[in-house]
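Peer 1:
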Ligand code: HEC
Ligand SMILES: [Cu+2]
């Protein structure tokens, strides 16, 4: 039994060690991650060398001075106390090893705490769309906020707000301002850079560079409450053109579900619901702005929804996951699978409390636990969610 138990626990422990797993720092794909990986490996080699030397000496001593059959129990082997030469050599070696680790460590700290000033990374050098005044001369800056239990991302220079998934251009330095809206969280995309905490009342920052296009998995790395383990996010590293296209898409506002403007639609939904087209997505939109009370907490740009407690939903259907990365709906090649996406929206709206314990969409007063939605309502809302994507997708 103890053997079986230890095999099971060992397997569990080692299963966290897949060297090229989604969230493995052992598979670096960005400059900062490489720097930290090299530093880690250097430390591993040095300490492994020490381990072999000390362990080897110990084993050799035990073997060399073992008790033998013809030993006389009354006679002690020659005794000695200290050996200045050995001690001096050991101290010198220890200092030498510490210096070998310290020099690259300190230089890496200095390097990651300054912004590299590559002209290539300035926004104006690769992005040619609309941006705020003076942004051409700056690197792309993203405000990342930690919330219980999800992330919001703002691109102040580009006028984009998104949640849980963000995009950055390949090979360009990007600056992150890290803040928290409640408790301490930590921002970590293991393949791109080491973690930095998001601390309430404090502005931390970091920079990173993704050197390979791809979809990278991030995780909150500081215990922050019930659903901490489900608090993930995604970083998509894109070629310049794809990034420019992504920016354009994220800036769009979803078209109103009927002919009217959004404002008129909302008024109509409240005053004359019989005039609405009887389609799931339209019924869902009416619920979203009406009885569903979703707009207490969610914003959809260009519409009367301006809630701030939950993720911005303007382009939520362009994301490959919801519920902070916990419910995925992408295929292996990271294209969206619409059936799974619909299912995820439906399940999340219907029973978020079973998916993320303690989540603040359900458990806040006035949240979903107080809003009575039928099964059909949840389907209609999911159908509406599916329309929240830039039309070019
Ligand atoms: C009390 C505030 C509140 C209300 C009301 C609310 N939500 Fe949410 N919603 C949240 C929060 C907070 C999250 C993030 C939960 C998490 O991931 O932990 C969220 C997440 C979501 C997501 C996933 C977004 C993403 O990118 O991960 C969708 C979709 C969503 N809500 C739809 C709705 C709909 C539809 C309604 C109305 C029926 C609604 N919400 C009502 C607070 C709210
Ligand atoms: Cu956390």
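Numbering (my numbering), first residue to last: 7 to 399. Where a beta carbon is used, it is the ideal one built from N, C-alpha and C, also for glycine.
Please name the residue, chosen from 108, 344 and 144, that lies closest to residue 125 on a Cα-to-Cα basis.
Peer 2: Of the candidates 108, 344 and 144, the one whose C-alpha sits nearest the C-alpha of residue 125 is 144.
Peer 1: Which residues share a DSSP beta bridge with residue 152?
Peer 2: Note: residue 152 sits in a beta bridge opposite 157 and 186.
Peer 1: Check each candidate in 134, 148, 243 and 208 and name the one with the smallest Cα separation from residue 6.
Peer 2: Because the chain spans 7 through 399 in this model, residue 6 falls outside it and cannot be assessed.
Peer 1: Let me check one thing: in DSSP terms, what residues is residue 169 bridge-paired to?
Peer 2: BP columns for residue 169 point to 158.
Peer 1: Could you give the DSSP three-state label for residue 269: helix, strand or coil?
Peer 2: Three-state DSSP puts residue 269 in a helix.
Peer 1: I'd like the span of the beta strand (DSSP E) that includes residue 243, first residue to last.
Peer 2: From DSSP, the beta strand (DSSP E) with residue 243 extends over 238 to 244.
Peer 1: Compute every distance between the C-beta of residue 355 and the non-hydrogen atoms of ligand 1, then say whether any falls below 7 Å.
Peer 2: Result yes, Cβ under 7 Å from ligand 1.
Peer 1: Using the rule of at least 16 other Cβ atoms within 10 Å of the residue's Cβ for burial, across every protein chain shown, is residue 229 buried or exposed?
Peer 2: Per the 10 Å Cβ criterion, exposed.
Peer 1: How far does the beta strand (DSSP E) with residue 192 in it extend, from its first residue to its last?
Peer 2: Residues 191 to 195.
Peer 1: Enumerate in chain order the residues of its own chain whose CB-to-CB distance from residue 130 is below 6 Å, with the five nearest sequence positions on each side excluded.
Peer 2: So the qualifying residues of the chain are 142.
Peer 1: Under 7 Å Cβ to Cβ from residue 111, same chain only, skipping five residues before and after it: list those, please.
Peer 2: Excluding sequence neighbours, residue 111 sits near 45.
Peer 1: Please state if the CB of residue 201 and the CB of residue 194 are separated by a distance shorter than 8 Å.
Peer 2: Result yes, Cβ atoms of residue 194 and residue 201 sit closer than 8 Å.
Peer 1: Start and end of the beta strand (DSSP E) containing residue 201?
Peer 2: Taken as a continuous stretch (DSSP letters only), the beta strand (DSSP E) holding residue 201 covers 199 to 204.
Peer 1: Any heavy atom of ligand 2 closer than 7 Å to the beta-carbon of residue 232?
Peer 2: Result no, Cβ not under 7 Å from ligand 2.
Peer 1: Any heavy atom of ligand 1 within a distance shorter than 7 Å of the CB on residue 363?
Peer 2: No; taking the cut-off as 7 Å, the Cβ of residue 363 has no heavy atom of ligand 1 nearer than that.
Peer 1: For residue 132, which three-state DSSP category applies?
Peer 2: The answer is coil: DSSP assigns residue 132 none of H, G, I, E or B.
Peer 1: Does the structure place the region 260 to 277 close enough to the region 233 to 241 that three or more beta carbon pairs sit under 8 Å?
Peer 2: Too few Cβ pairs lie closer than 8 Å, so no.
Peer 1: Quick check: the region 291 to 306 against the region 330 to 341, are there 3 or more CB pairs under 8 Å?
Peer 2: Taking 8 Å as the limit for Cβ pairs, the verdict is that the region 330 to 341 does not touch the region 291 to 306.
Peer 1: Report all residues from its chain with a CB closer than 6 Å to the CB of residue 127; omit the five preceding and five following residues, and keep chain order.
Peer 2: If we look at residue 127 and ignore the five residues flanking it on each side, its Cβ neighbours are 145, 178 and 179.
Peer 1: Straight-line CA distance for residue 391 to residue 354?
Peer 2: Going by the C-alpha atoms only, they are around 11 Å apart.
Peer 1: Is residue 257 closer than 8 Å to residue 165 when the C-beta atoms are compared?
Peer 2: In this structure, residue 257 lies closer than 8 Å to residue 165 by Cβ.
Peer 1: Looking at ligand 2, does it come within less than 7 Å of residue 229, judged from the CB to the closest heavy atom?
Peer 2: Checking every heavy atom of ligand 2 against the Cβ of residue 229, one is found closer than 7 Å.
Peer 1: Spatial neighbours of residue 187 within its chain, please: C-beta separation below 6 Å, excluding the five flanking residues on both sides.
Peer 2: Result list for residue 187: 151 and 153, in chain order.
Peer 1: Between the Cα of residue 28 and those of 231, 306 and 196, spot the shortest distance and give me the residue it belongs to.
Peer 2: When each option's Cα is compared against that of residue 28, the closest is 196.
Peer 1: Evaluate residue 74 with the Cβ neighbour count: other Cβ atoms within 10 Å of its Cβ, from every protein chain shown; 16 or more gives buried, anything less gives exposed.
Peer 2: Counting Cβ neighbours within 10 Å, residue 74 comes out exposed, since fewer than 16 surround it.
Peer 1: Per DSSP, which one or two residues make a beta bridge with residue 336?
Peer 2: Paired residues: 342.
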